[in-house]
Structure formats: structure tokens, C-alpha cells
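In the working numbering, the protein residues as written are 20 to 230. Presented below is the structure to which this report refers.
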Amino acid sequence: MNLERYRKNFRQKVIPKYYSAKIHLLIFSAFEVASISISAKYIEWSWLSPLWIFLSIFWASTFLYFLHRFMLHRIVPGFAWAHKMHHWHHTFYQSENMEYDELNDVYMLLMPPWIQLIYFVLYLPFITWALSHLFPPVFVPHFIFALTVWYGLYELIHWIEHLSDKHMVMTFGWARKMKRHHRGHHHPKFKDARNFGIVEPTQDYLWGTKL
Ligand SMILES: [Zn+2]
Ligand SMILES: [Zn+2]
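What follows is the structure, given as C-alpha cells:
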């Protein structure tokens, strides 16, 4: 497959003419900052806070690992669209060319704006309400705070993993390490079986999928 031709064709046929990566990023950042600030305001910090945050992050990392492995790499009835969109991501970005050519190519890298909107406007308020009936009230703001930070890291680090090797961020060892990890996941031979972790590789070690 000629990747250059595929990308050109994809930009013309799939990426909407009105799409702007800058606006996409701006709206996502505004939601992130707002959600982090609101949840942080409700946190009653105590010596147990690091434990609540650690447990919440561990949950978020496990959830995203299983979502990526079993919902985006397999066809789940009712969610074939998610598999299709993720397949586009894996076709647009392949292990031999992980980098984007132009800024609007992040259309195929970030979560679509409508999923981000559902996450912040519907999912977060719903889960806050639901958890407040199940867990001690002190835990809930810690959880929402950790979940939102982790989701922001997910988008940010996935972006970094698709940056050029010449980008200044790549002077950091962890950025090169995570790009290598994610490149393994984008290899056609391993995409359905290895390196599903995006932010860091713990879950891949835990579930035996580290390449
Ligand atoms: Zn990727
Ligand atoms: Zn994938």
C-alpha cells in the first residue's frame, strides 16, 4: 500500500473541510482545565489522598487497556464503528511512518470531538452522581480528578508518540521509549496482540502483552 497516496485520499474524503486541529485542541484543553479545577476544588486533601488517586489512576489505566485491546481491536456488536475508526488510525499511522505530515492529521490521532464532548458533558457528571451513591463522598472528587488527568495524559502522550524524532520533546528518554513502545503496537504483525498501553506500559507487563 502506498501510504502517501492513502493519506492524501483520506484527507480529501474523511477529514471534514471545516476541521481545525487548533480548535479541537483548544476545546479539549478548556474541558480538561475546567474538569480538573472543579474536581480539585471539591477534594478534601488528606494523607489518604495519594492512595485514592493511585487507585483511581490504576482503574483508569486498566479500563483504557481493556477498552483498547477488546473494543478497538475486536468487533463488539453495536461498537463496530469504534473498531473501524481505530482501524483508520492504524492504517494512517504505520510503524514505518508514525509521524503526521500536517497538523490537521491529528484528526486521526485524538479522540473525535463528539466523544470528548460526551465524556465531559455527560459521562463525568453521570459517573460523579453514580459513584456518590456507592463510595464515601471523600473518594469521588479524587476519582474524577485522577480520571480527567489520566485522560488528558492519554491524548497528550499518544500525540507525543506520533511526533517526529527530530521534535525537541524527543530529547527526553521517556518520550523515545514510549514512541518505541507505541511503534510496536502500530506494526501490522503485532497491532492486535501487543503494546496496548498508551500512557505507560504497566498493563502490558501485567497482562503479558509487552513486546
Ligand atoms: Zn497511535
Ligand atoms: Zn490500537
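Note that CB positions come from ideal geometry on N, CA and C, so glycine has one too. The structure presented is a predicted model; accordingly, all values stated were derived computationally and were not measured.
In the displayed model, N214 falls within coil according to three-state DSSP, outside both helix and strand.
Each of W178, D211 and E63 was checked against the Cα of M197, and the nearest Cα belongs to W178.
The bridge partners DSSP lists for Q113 are N116. Cβ neighbours of F47 within its own chain (closer than 6 Å, five residues either side excluded): Q135. DSSP, reduced to helix, strand and coil, places M104 within a helical segment of the structure shown. Judged by DSSP secondary structure, L172 falls within the alpha helix (DSSP H) whose first and last residues are F158 to E180.
F50 is the residue among K229, H87 and F50 whose C-alpha sits nearest the C-alpha of P132.
H43 and Y112 have their C-alpha atoms spaced approximately 20 Å apart. For the pair W71 and H161, the CB atoms are nearer than the 8 Å cut-off. By the 16-neighbour rule on beta-carbons within 10 angstroms, Y126 is buried. The three-state reading of DSSP puts D223 in helix, counting H, G and I together. Classified as buried, Y84 has 16 or more neighbouring CB atoms from the shown chains inside 10 Å of its CB. For G192, the enclosing alpha helix (DSSP H) starts and ends at G192 to H205. Looking only at V52, S65, S80 and N28, the smallest Cα-Cα distance to Y224 is reached by S80. Take the alpha-carbon of W148 and the one of Y25: they are about 44 Å apart. Around the Cβ of E174, a 10 Å sphere holds 16 or more other Cβ atoms; the residue is buried. At least one heavy atom of ligand 1 sits closer than 7 Å to the Cβ of H205.
Annotated three-state conformation of H87 is helix, per DSSP. In the three-state scheme derived from DSSP, where H, G and I count as helix and E and B as strand, D124 is classed as helix. W64 is classed as exposed because its beta carbon has fewer than 16 other beta carbons within 10 Å across all chains shown.
Nearest neighbour of R195 by Cα position, chosen from I137, M117 and Y138, turns out to be M117. Inclusion of K208 and P220 in the CB contact set at 8 Å is not warranted, their separation being larger than that value.
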